[in-house]
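S.K.:
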Amino acid sequence: TVLCPASFAELRQMLRRAVLELTGPVAVRYPRGGEGAYQDCCGNETFTQVRPGADCTILTYGVLINEALAAAELLHEAGVETRVVKLNAIAPLDGNAVLAALGSEKRLLVLEDCVGSGCVGQRLTAILAQRGRMPERLILKNLGDTIPCHGTVPQLYAQCGLDAASVAAALKEACHGLGDVYKRQGLAGEPPEGAGHHYGGHRVRQQPEGGQAGYGGAQRRPYRGAGQDAAVCEPGRTEAGKGHAGVAHH
């Protein structure tokens, strides 16, 4: 079991649970330093909804909840209502709990401060795909396969694209790409240039200069340095040689 507290109150509660309640090996994942604006305690739930919203969803765990909540506020100012869900234990992941928390999402961004290989986002994707409940848009924001340089935590978040501004920008593009938020706000014309268009009911990104088109509507963008933003998960389509929905990394 791997527990991920996001505040001192949760750290105390999860340490108590690890020692007195759980059996078998238990790890508690909490970084050095203090706590952010989030100082609540979630209890023993696996998933906790921290903020409601109907347009898109951010899932994260640990102290990154503070960046997720800040991104949701930025999106609210832009007219996009964002649901924020906190995962309190990243292992093991129960399929039924995942479906109950995330099985009806249209646009889902998974925010993590870890490498991309084997991350929670990939495991959630597998569970949702196996149950036929993939979101229309999926964005995995993590470190990819890079090792961050030295710096303060805010500097590294910004460099790796894990800060609130980067998260808000990715979800704003995702919402405008599908068009319903754009239309609901009464904005005239088409979504902004580069936001993509629909083909056969699926969203297809505009090909960036120097990019590499992927199979089945997915697309690989040029590497931009630290951080991974895996986007465009389209139900029913697969990348060449892979048995899951196409995911574009950029």
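Count the sequence shown with our numbering and you get residues 258 to 507, in order. Backbone N, C-alpha and C fix where the C-beta goes; we use that ideal spot for every residue, glycine too.
From the DSSP output, read off the bridge partner residues of R388.
M.R.: As DSSP reads the structure, R388 sits in no beta bridge.
S.K.: Are the stretch 314-333 and the stretch 273-283 touching, with three or more C-beta to C-beta distances below 8 Å?
M.R.: The stretch 273-283 and the stretch 314-333 do not touch, with fewer than three beta-carbon pairs separated by less than 8 Å.
S.K.: Leaving out five residues on either side along the sequence, give the residues of the same chain with a beta carbon under 8 Å from the beta carbon of L268.
M.R.: P262, V285, Y287
S.K.: Taking the alpha carbon of V410 as the reference point, which residue from L272, R289, M271 has its own alpha carbon closest?
M.R.: Selected option, being the one with the closest Cα: R289.
S.K.: Can you tell me the Cα-Cα spacing of G493 and G291, whole angstroms?
M.R.: The pLDDT assigned to G493 is 37, lower than 50, so where the model puts this residue is not dependable; a value taken from the coordinates is nonetheless given after this. Rounded to the nearest angstrom, the two C-alpha atoms are 44 Å apart.
S.K.: Just mark P349 as buried or exposed, buried being the case when its beta carbon has 16 or more other beta carbons within 10 Å.
M.R.: exposed
S.K.: Quick check on E450: does DSSP put it in helix, strand or coil?
M.R.: Only weak support exists for where E450 lies, its pLDDT of 44 falling under 50; the value from the coordinates is given anyway. It is coil, neither helix nor strand.
S.K.: Taking the alpha-carbon of N323 as reference, which of A425, P392, E362, L397 has the nearest alpha-carbon?
M.R.: A425
S.K.: In whole angstroms, what separates the C-alpha of K343 from that of T305?
M.R.: 5 Å
S.K.: Expressed to the nearest angstrom, what Euclidean distance is found between the alpha-carbon atoms of S361 and A266?
M.R.: 30 Å
S.K.: On a Cα-Cα basis, can you pick out the residue from V372, A294, T303 that is closest to Y354?
M.R.: Contrary to the premise, residue 354 reads as Ala rather than Tyr in this sequence. The shortest C-alpha separation from A354 is found at T303.
S.K.: Determine the extent of the beta strand (DSSP E) in which Q306 is found, giving its start and end residues.
M.R.: 304-308
S.K.: DSSP three-state call for A354: helix, strand or coil?
M.R.: helix
S.K.: Mark E369 as exposed unless 16 or more other C-beta atoms lie within 10 angstroms of its C-beta, in which case mark it buried.
M.R.: buried
S.K.: Suppose you measure from the CA of G310 to the CA of C376; what does that come to, to the nearest Å?
M.R.: 25 Å
S.K.: For the alpha helix (DSSP H) holding R340, just list the boundary residues, first then last.
M.R.: Where R340 is concerned, there is no enclosing alpha helix (DSSP H), although the beta strand (DSSP E) it sits in stretches over 339-344.
S.K.: DSSP state of F265, grouped into three classes?
M.R.: helix
S.K.: Using a Cβ-Cβ cutoff of less than 6 Å, which residues in the same chain neighbour Y414 once the five nearest sequence positions on both sides are dropped?
M.R.: Counting only residues of its own chain and dropping the five nearest sequence neighbours on each side, Y414 has a CB closer than 6 Å to the CB of D420.
S.K.: Taking C-beta to C-beta, are I347 and L366 nearer than 9 Å?
M.R.: no
S.K.: In the DSSP output, which residue or residues are listed as bridge partners for R273?
M.R.: None, per the DSSP bridge assignment.
S.K.: Within 10 angstroms of its Cβ, does G408 collect 16 or more other Cβ (buried), or is it exposed?
M.R.: Under this definition G408 is an exposed residue.
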